[in-house]
Amino acid sequence: MSILHTINKSPFEKDSFQTCLRYAKAGSSILLIEDAVYAAREGTDVSDAVKAAIQDKSVFVLLPDLDARGLNSNLINGVQSVDYAGFVKLTTENDTVQSWL
Amino acid sequence: MSDEMLNEEGNVQRTKKFMYVNRKAPYGTVYALESLEVVLIGAAFEQDVSVAFIDDGVYQLTKGQNTTDIGMKNFSPTYAALGDYEVTKIYVEKESLEKRGLTVDDLQHLVWEDEDEDYAEKDSIKVVSAEELGQIFADQDIMLNF
Amino acid sequence: MKYGIMINEGPYQHQAADTAFNFVQAALDAGHEIFRIFFYHDGVNNGTRLTTPPQDDRNVITRWSKLAEDKNIDMVICVAAAQRRGIVDEGEKDRNKKDADNIAPGFRISGLGQLIEAGIQADRLLVFGD
């Protein structure tokens with residue numbers, strides 16, 4: 000069964016991001032929402048971890064949350080932007096959703 | 000427990016696998032207590048229930064909690080009742096324990112009675128690696144994270 | 000597809016209720032069904048009609064009430080969480096001998112079993128929280 004993992008915490012504040020990466024299996028999808036969207040940018044302390052995740056998982060970022068925070072630029076190559084319709088679609092394409100709060 | 004049950008329309012419905020994932024320490028916030036309340040209510044629905052404790056969630060299970068001087072209710076004894084509610088699959092992540100300098104001996108000894116084996120007392124807590132727990136997560140229908 | 004939605008944070012304090020609302024809108028727009036929205040933890044504060052946000056901000060509470068009415072969505076506030084936080088309907092007011100109720104239109108107060116039932120009945124259960 001495939002899992003959609005959502006993370007809503009800044010990787011610089013809480014360990015939700017690290018724990019999600021520990022649990023997300025190859026082939027699964029990760030969606031960054033709310034304060035987790037900061038992880039989608041190039042040149043941060045966690046960009047290497049995100050790039051490593053992209054090797055065998057799909058990483059998405061919720062564009063409206065990125066826009067809201069004024070940082071919709073310099074995204075890590077391979078991080079895919081989705082809107083809310085895309086968020087809904089991801090939940091239909093996976094069997095379960097795990098929210099890393 | 001059968002694998003099937005009747006839903007409101009009288010149709011046969013498969014039992015679902017519910018996993019409650021606890022990642023927060025007790026007392027500092029209410030999540031641990033109210034998560035436990037969900038698990039107890041959920042136990043009455045004859046579904047396949049598991050509970051996992053990872054990250055700061057492992058602090059929920061420490062033994063010897065004494066809240067007298069903070070004036071809050073000590074709800075830790077309730078974990079020991081989970082076995083009576085037939086919640087017998089309690090997973091604690093090994094890496095989270097190690098990172099916090101804890102071993103299973105620092106945690107409450109939670110047990111359940113196996114009626115198929117003359118009510119033999121069995122350990123509820125299984126210490127598992129993140130890798131093993133990830134496999135268990137992959138098999139769930141419902142993931143409730145607290 | 001049939002969705003169950005769990006909301007665990009209050010309005011204005013945390014984005015969870017906004018994210019959940021936007022998700023629900025998008026799911027309905029895509030033709031999906033929302034089986035139930037269940038409010039837990041501080042999420043029960045989404046259901047008090049006494050909230051008065053500044054006029055230039057969104058009104059999270061009336062937005063939920065309108066959604067419930069327009070789309071006939073079952074919105075349930077957990078009774079145990081509500082009692083702790085002072086969210087009261089007429090029944091709770093009488094039962095606990097309070098001098099007022101404050102529940103917003105479109106919400107109802109019920110037990111945690113409603114959440115478990117949503118998990119059983121829905122195809123997907125999503126948690127929005129902190």
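Residue numbers (numbering that gives the first Met the number 0), protein chains in the order written: chain A, 0 to 100; chain B, 0 to 145; chain C, 0 to 129.
Positions of the beta carbon are idealized from the N, C-alpha and C atoms, including for glycine.
Asked: Mind checking whether the beta-carbon of aspartate 100 of chain C lies closer than 7 Å to any heavy atom of the ligand SAM?; Found: The ligand SAM is not part of the structure shown, which contains no ligands of any sort.
Asked: Within 10 angstroms of its Cβ, does proline 53 of chain C collect 16 or more other Cβ (buried), or is it exposed?; Found: exposed
Asked: How should proline 10 of chain A be labelled, buried or exposed, when 16 other C-beta atoms within 10 angstroms of its C-beta is the threshold for buried?; Found: buried
Asked: In angstroms with no decimal places, state the Cα-to-Cα distance between glutamine 134 of chain B and methionine 0 of chain A.; Found: 10 Å
Asked: Would you call the segment 116–123 of chain C and the segment 80–95 of chain C in contact, with 3 or more CB pairs under 8 Å?; Found: no
Asked: Using CA atoms only, rank isn't needed, just tell me which of A:Ala23, A:Asp66, A:Leu70 is closest to glycine 42 of chain A.; Found: A:Leu70
Asked: Since isoleucine 108 of chain C and isoleucine 72 of chain C are thought to touch, with beta carbons under 8 Å apart, how far apart are those beta carbons, to the nearest angstrom?; Found: The Cβ separation is near 16 Å, so there is no contact.
Asked: Using CA atoms only, rank isn't needed, just tell me which of B:Lys16, B:Leu106, B:Lys121 is closest to aspartate 113 of chain B.; Found: B:Lys121
Asked: Are three or more beta carbon pairs between the segment 88–100 of chain B and the segment 10–23 of chain C nearer than 8 Å?; Found: no
Asked: Count the other CB atoms within 10 Å of the CB of isoleucine 6 of chain A; is the residue buried (16 or more) or exposed (fewer)?; Found: buried
Asked: Isoleucine 135 of chain B CB to nearest chain C CB: under 8 Å?; Found: no
Asked: Kindly indicate which residue of C:Val23, C:Arg48, C:Ala26, C:Ile6 has the alpha-carbon position closest to the one of alanine 102 of chain C.; Found: Strictly speaking, residue 102 of chain C in this sequence is isoleucine, with alanine absent from that position. Selected option, being the one with the closest Cα: C:Arg48.
Asked: For a contact defined as C-beta to C-beta under 7 Å, what are the partners of methionine 0 of chain C on chain A?; Found: Thr91
Asked: Less than 8 Å between CB atoms is the rule here; does arginine 83 of chain C satisfy it with respect to chain A?; Found: no
Asked: What does the Cβ neighbour count give for serine 34 of chain B, buried or exposed, with the cut at 16 atoms within 10 Å?; Found: buried
Asked: Which two residues bound the contiguous alpha helix (DSSP H) that contains leucine 20 of chain A?; Found: 15–22
Asked: Go through the segment 51–97 of chain A residue by residue and report every complete run of the alpha helix (DSSP H) that reaches 4 residues or more, in order.; Found: 62–67, 83–92
Asked: So what does DSSP say about asparagine 58 of chain C, is it helix, strand or coil?; Found: coil
Asked: Whose Cβ in chain B lies nearer than 7 Å to the Cβ of arginine 21 of chain A?; Found: Ala129
Asked: By DSSP's criteria, methionine 0 of chain C is part of a beta bridge. Which residues make up the other side?; Found: DSSP lists no partner for methionine 0 of chain C.
Asked: Judging by CA-CA distance, which residue of B:Thr28, B:Leu60, B:Tyr26, B:Tyr30 is the nearest neighbour of leucine 109 of chain B?; Found: B:Leu60
Asked: Counting only beta-carbon separations shorter than 8 Å, does asparagine 147 of chain B have a partner in chain C?; Found: There is no way to answer for residue 147 of chain B, as the model of chain B reaches only from 0 to 145.
Asked: Asparagine 95 of chain C bridges to which residues according to DSSP?; Found: Its beta-bridge partners do not exist; DSSP assigns none.
Asked: For methionine 0 of chain C versus tyrosine 39 of chain C, is the C-beta distance shorter than 8 Å?; Found: no
Asked: Using DSSP with H/G/I as helix, E/B as strand and the rest coil, what is leucine 132 of chain B?; Found: helix
Asked: Threonine 18 of chain C by DSSP, collapsed to three states: which one?; Found: helix
Asked: Who are the near neighbours of aspartate 64 of chain A in its chain, counting only those whose CB is closer than 6 Å to its CB and skipping five residues on each side?; Found: Ile32, Glu33, Val36
Asked: Would isoleucine 2 of chain A pass as an interface residue toward chain B - the criterion being a Cβ-Cβ separation below 8 Å?; Found: yes
Asked: Which of the three DSSP states is assigned to lysine 103 of chain B in this structure?; Found: With the sequence shown as reference, residue 103 of chain B is identified as valine, and lysine is not the correct amino acid for it. In this structure, valine 103 of chain B counts as helix in the three-state DSSP scheme.
Asked: What does the alpha-carbon distance come out to for the pair alanine 79 of chain B and valine 86 of chain B?; Found: 10 Å
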